[in-house]
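Peer 1:
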Amino acid sequence: MYLVLRLRPGLMLGDRSGPINVAFEEQLESSSSMQGAYQRWLEQADDATRAGFECASRWCQQNPPRSQRDTDITMPQFLGIQEKGVSAWSFDPPYEANQGVLVSSRTEIQFLADSAGMAPEEGGACSIQSNLPLPKQNEVYYWEAKMFNKPSTTNVAVGLSTKPYPSFRAPGLCKHSVGYFSVDGSKCYNHPFHMQSFGPAYVHGDVIGVGYRPRTGSVFFTRNGMRISEAFIGLYNYNLFPTISADGPAEVHVNFGQAGFVFIEANVKRWGLAPMVGTLAPPPAYGQDKDSILIESAQCPSSSSQIQSDSGTGELVRVPSYDASVLDRATPGPPAAQGICMATLRPTPVPPPPYSVSVGSSVAPAQEPCGPPGEPSLAPLRSAIHALHGWISAWQRPRRDTSAGTPEVPSTELVGVLVD
3 MYLVLRLRPG LMLGDRSGPI NVAFEEQLES SSSMQGAYQR WLEQADDATR AGFECASRWC
63 QQNPPRSQRD TDITMPQFLG IQEKGVSAWS FDPPYEANQG VLVSSRTEIQ FLADSAGMAP
123 EEGGACSIQS NLPLPKQNEV YYWEAKMFNK PSTTNVAVGL STKPYPSFRA PGLCKHSVGY
183 FSVDGSKCYN HPFHMQSFGP AYVHGDVIGV GYRPRTGSVF FTRNGMRISE AFIGLYNYNL
243 FPTISADGPA EVHVNFGQAG FVFIEANVKR WGLAPMVGTL APPPAYGQDK DSILIESAQC
303 PSSSSQIQSD SGTGELVRVP SYDASVLDRA TPGPPAAQGI CMATLRPTPV PPPPYSVSVG
363 SSVAPAQEPC GPPGEPSLAP LRSAIHALHG WISAWQRPRR DTSAGTPEVP STELVGVLVD
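Note that my numbering has the sequence shown beginning at 3, numbered continuously upward.
Here you go:
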């Protein structure tokens, strides 16, 4: 019986030598054991470290992590990934609030010395997150960070975190985040008092890889193409963003899959965040004018001919101009299918409606047969003249000459006639 009791502690699920179940540990944060570890760490920490921890705690209370729904990849972002491929991922720091980091070529990060947040009392680091989270469709997603320029005194942390995340805190030191640190090779999650030894330290020139399995929420790390081990499990309740921090000058180049990985297994199984090339076609090579319709049409002799593409073969064919074609006007019907020409438009043979005579006219105009198609009819004109004569004969008024004393003489005065 005594032997069995001695073996049971070695079989506990909370053994720190294996991966840490972050989801389970988060449920125990309100327990007495967690509060005791928190108090012991505060007693051992110096004043600057304690001030930075309290500053980060206040920031996290004022800016809680967004829900999984609020940080999911939206439809415009998904279309951007399909169009650009892995180039849709980048680091876009808010330069107004985070002036200690510069980004070039989307994924080349440079941390400046003595930046805001790097002092221990200010948080202890300067961090930056990617613009998009890790997808969750495939089995594994993987990315790498190369220490392009790292002094030995700078502590770099590579990991994952939720959004938003304080820009003055390393990943792994605030809730819902994990990190792998360079100085001593330790790993940490959620709080600084969870720091523990994990793997080898990494220096200038090393490449650190981060792998994520969405189904189990497990995170593993690699160093220079060699897999270390599983570090964490249970990270599936939030969307995680690649996060990198430094407490001093450093330059880190990130590879989301736009180039080959140092970890061979990730290349074979295609664990990149997205395909290297999206559906967006690349621009034509500089100085190349082959198969260009605009350039070939501009270089052809000056004529009114047009360049079109054959729908069957795809080759360029020359269509004769419309003006060059000779139309036979004597031939009935439209000409060849070259377009619309005024010569092909003929008047319809339907006669116009009969002209209605005015009420004052006593004689109706005679109806004349319509002429051949294409010639104007004289019946409406004659009807208008006949109506005009009747109107003139009916409109008379007397005029009186008072100067000579002559009797009234009826006279006709035509003021004006408007025929429409």
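Every residue, glycine too, gets a C-beta built ideally from N, C-alpha and C.
Looking at the secondary structure, which residues open and close the alpha helix (DSSP H) in which V86 lies?
Peer 2: Here residue 86 refers to the residue found at position 84 when the sequence shown is read from its first residue. The sequence given here has Lys at residue 86, not Val. Taken as a continuous stretch (DSSP letters only), the alpha helix (DSSP H) holding K86 covers 77–86.
Peer 1: Using only alpha-carbon positions, find the residue among Q37, A389, K165, A381 that is nearest to H196.
Peer 2: Taking the first residue of the sequence shown as position 1, residue 196 is located at position 194. When only C-alpha atoms are compared, the closest one is Q37.
Peer 1: Per DSSP, which one or two residues make a beta bridge with E253?
Peer 2: Here residue 253 corresponds to residue number 251 of the sequence shown, with the count starting at 1. DSSP lists Q112, N151 as partners of E253.
Peer 1: Excluding the 5 residues preceding and the 5 following P202 in the sequence, name in chain order all residues of the same chain whose CB lies nearer than 7 Å to its CB.
Peer 2: Along the sequence shown, read from residue 1 onward, the residue named residue 202 stands at position 200. Within the same chain, P202 has close Cβ partners G187, R225.
Peer 1: Taking just the CA atoms, how far does N241 sit from A25?
Peer 2: As a first step, residue 25 must be located in the sequence shown, where it is residue number 23. As a first step, residue 241 must be located in the sequence shown, where it is residue number 239. The alpha-carbon atoms of A25 and N241 are separated by roughly 14 Å.
Peer 1: Mapping the DSSP letters down to three states, classify V185 as helix, strand or coil.
Peer 2: Within the sequence shown, residue 185 is the residue found at index 183, counting from 1. DSSP places V185 in coil when its eight states are reduced to three.
Peer 1: To the nearest angstrom, how far is it from the Cα of D208 to the Cα of K148?
Peer 2: The sequence position of residue 208 within the sequence shown is 206, counting from 1. The sequence position of residue 148 within the sequence shown is 146, counting from 1. Rounded to the nearest angstrom, the two C-alpha atoms are 6 Å apart.
Peer 1: Quick one: what's got a C-beta closer than 8 Å to I266's C-beta in the same chain, skipping five residues either side?
Peer 2: By 1-based counting over the sequence shown, the position of residue 266 is 264. Around I266: G227.
Peer 1: Cβ of F200 versus every heavy atom of the ligand MG: is any distance shorter than 7 Å?
Peer 2: As for the ligand MG, it is missing from this structure, which has no ligand bound.
Peer 1: As a quick exercise: from R229, Q198, Y238, pick the residue whose alpha carbon is nearest that of R215.
Peer 2: In the sequence shown, the residue the question calls residue 215 occupies position 213. Among R229, Q198, Y238, the Cα nearest to that of R215 belongs to Y238.
Peer 1: Ordered along the chain, which non-local residues of its own chain (more than five positions away) have a Cβ less than 8 Å from that of I83?
Peer 2: Working through the sequence shown from its first residue, we reach residue 83 at position 81. Result list for I83: I75, A90, L134, A276, G280, in chain order.
Peer 1: Using 10 angstroms around the beta-carbon of G181, count the other beta-carbons present and answer buried if the total reaches 16, otherwise exposed.
Peer 2: On the sequence shown, residue 181 is found 179 positions in, with the first residue counted as 1. When all chains shown are included, G181 counts as buried.
Peer 1: Quick one: Cα of Y40 to Cα of I130, how far?
Peer 2: The residue labelled residue 40 in the question sits at position 38 within the sequence shown. The residue labelled residue 130 in the question sits at position 128 within the sequence shown. About 27 Å.
Peer 1: Whole-angstrom Cβ separation of E146 and V270, contact assumed at under 8 Å?
Peer 2: Here residue 146 is taken as the residue at index 144 of the sequence shown, counted from 1. Here residue 270 is taken as the residue at index 268 of the sequence shown, counted from 1. That pair is no contact at about 15 Å.
Peer 1: Assuming contact is defined by CB atoms lying nearer than 8 Å, are S163 and P173 in contact in what I supplied?
Peer 2: Residue mapping note: residue 163 aligns to position 161 of the sequence shown, counting from 1. Residue mapping note: residue 173 aligns to position 171 of the sequence shown, counting from 1. The answer is yes: Cβ separation under 8 Å.
Peer 1: Around the C-beta of A233, are 16 or more other C-beta atoms found within 10 angstroms, so that it is buried, or is it exposed?
Peer 2: As a first step, residue 233 must be located in the sequence shown, where it is residue number 231. Buried.
Peer 1: From the DSSP output, read off the bridge partner residues of S199.
Peer 2: If you number the sequence shown from 1, residue 199 lands on position 197. Beta-bridge pairing links S199 to S188.
Peer 1: What is the DSSP secondary structure of L104, reduced to helix, strand or coil?
Peer 2: Here residue 104 corresponds to residue number 102 of the sequence shown, with the count starting at 1. Three-state DSSP puts L104 in a strand.
Peer 1: Run through DSSP, which three-state label would E56 get?
Peer 2: Here residue 56 is taken as the residue at index 54 of the sequence shown, counted from 1. Looking at E56 - three-state DSSP - the assignment turns out to be helix.
Peer 1: Looking only at DSSP bridge pairs, what is P244 linked to?
Peer 2: Numbered from its first residue, the sequence shown carries residue 244 at position 242. Answer by DSSP bridge pairing, in chain order: L162.
Peer 1: Starting from Q131, follow the beta strand (DSSP E) in both directions and report where the run begins and ends.
Peer 2: As a working note, residue 131 is residue 129 in the sequence shown. Its beta strand (DSSP E) spans residues 128–131.
Peer 1: First and last residue of the beta strand (DSSP E) that includes Y214?
Peer 2: Taking the sequence shown and counting its residues from 1, one reaches residue 214 at position 212. That run of the beta strand (DSSP E) goes 209–215.
Peer 1: CB-CB under 7 Å to V185, same chain, minus the five flanking residues each way: which ones, in chain order?
Peer 2: Here residue 185 refers to the residue found at position 183 when the sequence shown is read from its first residue. Result list for V185: N157, A203, in chain order.
Peer 1: Closer than 8 Å by C-beta to R217: which residues in its own chain qualify, once you throw out the five before and the five after it? Chain order, please.
Peer 2: Residue 217 sits at position 215 when you count from the first residue of the sequence shown. So the qualifying residues of the chain are E141, Y238.
Peer 1: For Q29 and chain B, any beta-carbon pair shorter than 8 Å?
Peer 2: Of the protein chains in this structure there is only one, and it is not chain B.
Peer 1: Out of G262, T155, V212, which one is the CA nearest neighbour of I230?
Peer 2: Walking along the sequence shown from the start, residue 230 turns up at place 228. Closest by alpha carbon: V212.
Peer 1: Please classify V142: does DSSP put it in a helix, a strand, or coil?
Peer 2: As a working mapping, residue 142 is identified with position 140 in the sequence shown. V142 falls in the coil class under three-state DSSP.
Peer 1: Helix or strand or just coil, what does DSSP make of A118?
Peer 2: Reading the sequence shown from its first residue, position 116 is the one you call residue 118. DSSP places A118 in coil when its eight states are reduced to three.
Peer 1: For the beta strand (DSSP E) that contains V270, what are its first and last residues?
Peer 2: If you number the sequence shown from 1, residue 270 lands on position 268. Run containing V270: none in the beta strand (DSSP E); it sits in the alpha helix (DSSP H), 266–270.
Peer 1: Who pairs with T224 in a beta bridge, going by DSSP?
Peer 2: Numbered from its first residue, the sequence shown carries residue 224 at position 222. DSSP lists G211, R229 as partners of T224.
Peer 1: Indicate whether E124 and C176 have their beta-carbon atoms separated by less than 8 Å.
Peer 2: What you label residue 124 is simply residue 122 of the sequence shown in a count that begins at 1. What you label residue 176 is simply residue 174 of the sequence shown in a count that begins at 1. No, the Cβ-Cβ distance between E124 and C176 is not below 8 Å.
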